[in-house]
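Chains as they are written, first to last, in our numbering: chain Z, 1 to 143; chain S, 144 to 737.
Written out as structure tokens, the structure is:
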């Protein structure tokens, strides 16, 4: 399974990679440092598209919201499953990303055990199916 | 009303003068007739005497003729015939004269005819006797016969003439009597009319005098009112104007010149001259609105700028309305106000409002960003703590473990503080959408949210039926949740917490310094518990941000929960207060507008 994480925070990227190393599911994690780098990678011809894209909202150069909008407007990219991965869980952000077509919203947890649980949950459900009914209540993922 | 009165007065005066004029004409007419009557009366007397004298003359002429005839018969002297023919001629001349004089009296005319016949017959007889008696000697018997005949005929004529004289006298008397009657009556009518005319004149004099006085009074009032309008215009910085649409005449009050910074009558009051003062950018707009005012009957308001001498900028407000005046002319009346001061003070106010809004926004965003950005490092600290707890704890010394656990506790506490602060700031930030909501549903939701804690405390919660109100649903639910969890948290150890929720229509007996608006109706919702309570002197402080009554170790908390409650109630234009005694439970009262 090919996963991309776009996050500007080095620690968060490390937690993310460590968590995937510890959960025993075969995954390949690619990380990018900001929104611009993400879009550069995705829009490159012949780039390998991820099965699941984790998108931080608060990033320099190009924030997560802009990336989300751009991805959904590009025919080749619009079917990528997107998980918003943010420190904030404000109503506005949740509402806006839901409307813009993200599949799931994950609030970064405060402990590593929860992080592992939540990541294994998100890759084990079929996200296309998860939000097929545009189910607003399930959008914010909780354990 | 006054205008109408003036109109009636002038009509009244006109009628009076017409009546007086007719009265005078009538008097002149009557007087003229009186004079004519007098003349007629004297004429009648003269005529009547003429007739009587004429008749007497006829008799005496007849006698002359008879005497002449007799003389001639006796003497055959033809000189006696002269008086005979002379008398005949005179008699017939006076006949036609007399007949003319008595043309009015038909009976007398008939008598005249009879007399004429008699006299004519007499002369015929006399003339024949003269011819017969030409033969000489005189026939005595014939002569005697003629004497007797003459005597008889003369008697008849004399009788006829007497009759006529009597008739003339009685006719005269009758006519005189008629004239007398009329002449007696005339002075009385004249006097009456004169008197009437006099009364009319006196009355008109009184009326005119009174009108003049009224007019004087009205004039004085007008002067006073004009003066006071002038002063009012000066004090209020406004002017009044009129625009006659039919001849495009524009008039405005004196203050208009002052408002435009000019000497009185400094320019001709025309639209063009006025527009000269209007700011060039506002002119076309003004003309445009002016056309609208002409077209419709509703008053229109225009705000525009004017440029006075030395390019001083003033702000004007103009209100105009089209109407039809008493004479049926279409005019536009209006006022112009100098609103520069208000404009300036309101723009200062606007500026202040804007700054206030800005600083509020900044504060809110600071609040939000601060608590939001603080989360990030804290989250990492907590994540690292969890990783150490998971993997590295075993390698630590007992002291290290203890310190580490304190770090963990502090991090947790910071987490709670930040979360609460975020929740508090969110109460300001989130768009306030009011919906008609059943508060019973919101209370049920709050109880479900707290189901675990309620279960743990084995608390008994009862509630009156709550109303349906227009509220921000998630905020009221938050309010209920905070109040219930507050009661659970400060319940007495070992005592089953009982929370009663009561609801009634407004009664303003809240013991707080808030003042509910008595024009609105409120619902009062009370949360009454049997918990620890607090000293009443803290009843207001407990709603302050970060204010706490207990040690952290006893009852952990941030002192934000009740501040959020207050914020929510204020967002709903309501009031919240608390009352309590130590160890006797607490009551939280909420007033929400109906």
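All residues carry an ideal CB built from backbone N, CA and C; glycine is no exception.
- Residue ranges of uninterrupted beta strand (DSSP E) with 3 or more members, entirely inside the segment 605-651 of chain S and ordered along the chain, are 611-614 and 641-648.
- Chain S places no beta carbon closer than 8 Å to that of residue 118 of chain Z, leaving this residue out of the contacts.
- Residue 309 of chain S: member of the alpha helix (DSSP H) spanning 283-379, first to last residue.
- Between residue 621 of chain S and residue 561 of chain S, the C-beta spacing is not below 8 Å.
- Contact check for residue 719 of chain S against residue 673 of chain S fails: the beta carbons are separated by 8 Å or more.
- DSSP places residue 720 of chain S within a strand segment (E or B) once states are collapsed to three.
- Rounded to whole angstroms, the gap between the alpha carbons of residue 125 of chain Z and residue 627 of chain S is 37 Å.
- Leaving aside the five residues that flank residue 698 of chain S on each side, the residues in its chain whose CB is nearer than 8 Å to its CB run, in chain order, 632 and 633.
- Contact annotation: residue 7 of chain Z and residue 29 of chain Z have beta-carbon atoms that are not nearer than 8 Å.
- Counting only runs of 4 or more residues that sit fully inside the segment 5-78 of chain Z, the alpha helix (DSSP H) segments are 10-22, 35-43 and 64-73, in chain order.
- Around the C-beta of residue 254 of chain S, 16 or more other C-beta atoms lie within 10 Å, and the residue is accordingly described as buried.
- DSSP lists S:479 as the beta-bridge partner residues of residue 382 of chain S.
- Chain order gives no chain S residues near residue 97 of chain Z, where near means a beta carbon separation below 8 Å; the closest approach is about 16 Å.
- Shown here for residue 528 of chain S: same chain residues with a beta carbon closer than 8 Å to its own, the five before and five after excluded, namely 547, 550, 551 and 554 in chain order.
- Beta-bridge partners assigned by DSSP to residue 461 of chain S: S:445 and S:479.
- For residue 362 of chain S, the number of other beta carbons within 10 angstroms of its own is below 16, and it is reported as exposed.
- When DSSP states are grouped into helix, strand and coil, residue 577 of chain S belongs to the coil group.
- Looking only at S:714, S:433 and S:407, the smallest Cα-Cα distance to residue 415 of chain S is reached by S:433.
- Closer than 8 Å to the CB of residue 108 of chain Z there is at least one CB belonging to chain S.
- Counted as a single uninterrupted DSSP element, the beta strand (DSSP E) harbouring residue 736 of chain S occupies residues 729-736.
- Of all residues in the segment 8-29 of chain Z, only 9, 11, 12, 15 and 18 place a beta-carbon less than 9 Å from a beta-carbon of chain S.
- In the DSSP assignment, residue 97 of chain Z falls within the alpha helix (DSSP H) that extends over 91-99.
- In the DSSP assignment, the residues bridged to residue 467 of chain S are S:473.
- In the structure shown, residue 104 of chain Z falls within a strand segment according to DSSP collapsed to helix, strand and coil.
- Where residue 233 of chain S is concerned, the enclosing alpha helix (DSSP H) starts and stops at 224-244.
- Look at residue 529 of chain S: its C-beta is under 8 Å from a C-beta on chain Z.
- Annotated as distal: residue 594 of chain S and residue 639 of chain S, with beta-carbon spacing of 8 Å or more.
- Relative to residue 258 of chain S, the option among S:214, S:247, S:274 and S:238 whose CA is nearest is S:238.
- With a cutoff of 8 Å on beta-carbon distance, residue 682 of chain S and residue 630 of chain S are scored as not near each other.
- In the three-state scheme derived from DSSP, where H, G and I count as helix and E and B as strand, residue 110 of chain Z is classed as coil.
- Closest in alpha carbon position to residue 623 of chain S, among S:599, S:588 and S:596, is S:588.
- Of all alpha-carbon atoms in S:608, S:451 and S:489, the one lying nearest the alpha-carbon of residue 584 of chain S is that of S:608.
- CA-to-CA, the gap between residue 359 of chain S and residue 365 of chain S works out to about 10 Å.
- Under the 10 Å beta carbon count, residue 386 of chain S is surrounded by 16 or more other beta carbons and is classified as buried.
- The alpha-carbon of residue 312 of chain S is positioned some 11 Å away from that of residue 190 of chain S.
- Boundaries of the beta strand (DSSP E) harbouring residue 394 of chain S: 392-395, taken from the DSSP string.
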